[in-house]
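Structure, as structure tokens:
In structure tokens form, the structure reads like this:
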């Protein structure tokens with residue numbers, strides 16, 4: 001008979017990101033998003049001098065947010081490296097597809 | 111042998127896995143890795159067309175304040191989802207329900223924002239039929255919206271199942287797997303927001 005007691009013992013997963021870590025990561029994510037939006041042309045943090053580095057800046061800030069969510073909320077920081085390996089493989093192939101398609105479109109007229 | 115409960119509350123006995131990890135979790139990670147390729151292709155198509163198709167004033171079409179708010183809402187839904195997973199593993203089932211419901215509501219909020227955005231795009235003449243950039247944009251964001259919709263339905267079903275004893279600390283893995291899917295939907299939006307909206311509207 002299945003036990004349905006709602007105060008069952010906690011599982012071994014409890015040591016993963018708790019409320020404090022989640023809240024701290026949330027604040028950092030919100031700050032990075034605010035910086036991203038602030039750097040958009042016409043917004044307070046934007047200056048013409050930043051225009052040449054705007055693409056790398058947006059990509060870097062986005063990558064930072066991506067890494068935070070994947071590490072703490074998706075538990076890649078705490079779980080077995082196998083999961084990080086599987087995801088990294090997908091990301092590597094995915095990034096290769098993105099770069100290949102963009103380069104193909106640049107060099108050939110479709 | 112490891113014992114756990116199925117979503118219907120039945121006791122299940124699992125043999126040790128060859129990886130030492132729950133196969134359901136391994137399967138979800140494999141699915142997410144394959145979904146990266148799917149979204150990678152769609153993002154690449156959008157970028158490639160945005161560079162080649164002239165006269166697509168994305169900076170005039172996109173409403174950055176609304177999209178920024180949507181991005182923030184989806185980020186915060188990841189926080190509530192992470193807290194729901196933590197609550198489930200900690201045996202705090204009441205808290206888990208609150209966080210699950212909060213995640214669902216934030217997801218619905220995001221979808222409502224997307225619907226509002228799409229409506230105004232079409233009013234401004236930016237439709238899937240206007241040019242290849244429009245097609246690529248609506249295909250990419252539409253598929254992302256479909257992923258969010260599936261996530262909202264999945265999380266709401268877990269919320270309902272928790273009242274029938276379907277979710278307990280022993281089978282909190284179901285919440286964790288749904289959480290992985292939800293966080294993936296969030297990280298995809300992080301990339302779309304940066305590449306399509308911020309970079310797209312800054313340069314096109």
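Chains as they are written, first to last, in this note's numbering: chain A, 1 to 110; chain B, 111 to 314.
The beta carbon of each residue, even a glycine, is placed where N, CA and C say it ideally should be.
{"Item": "C-beta atoms of residue 246/B and residue 155/B nearer than 9 Å", "Value": "yes"}
{"Item": "Terminal residues of the alpha helix (DSSP H) in which residue 175/B lies", "Value": "174-200"}
{"Item": "Proximity of residue 257/B and residue 218/B at Cβ, strictly below 9 Å", "Value": "no"}
{"Item": "Residue 49/A - DSSP class collapsed to helix/strand/coil", "Value": "helix"}
{"Item": "Endpoints, the alpha helix (DSSP H) within which residue 209/B is located", "Value": "203-233"}
{"Item": "Residue 62/A - containing alpha helix (DSSP H), residue span", "Value": "54-68"}
{"Item": "Three CB pairs or more closer than 8 Å across the segment 279-287 of chain B and the segment 241-255 of chain B", "Value": "no"}
{"Item": "Option in 66/A, 87/A, 83/A and 90/A with minimal Cα separation from residue 132/B", "Value": "83/A"}
{"Item": "Span separating the alpha-carbon of residue 161/B from that of residue 61/A", "Value": "22 Å"}
{"Item": "Counted within 10 angstroms of its Cβ, other Cβ atoms place residue 213/B as buried (16 or more) or exposed", "Value": "buried"}
{"Item": "CB contact flag (residue 200/B, residue 126/B, <9 Å)", "Value": "no"}
{"Item": "Proximity of residue 259/B and residue 221/B at Cβ, strictly below 9 Å", "Value": "yes"}
{"Item": "Range covered by the alpha helix (DSSP H) that runs through residue 138/B", "Value": "133-162"}
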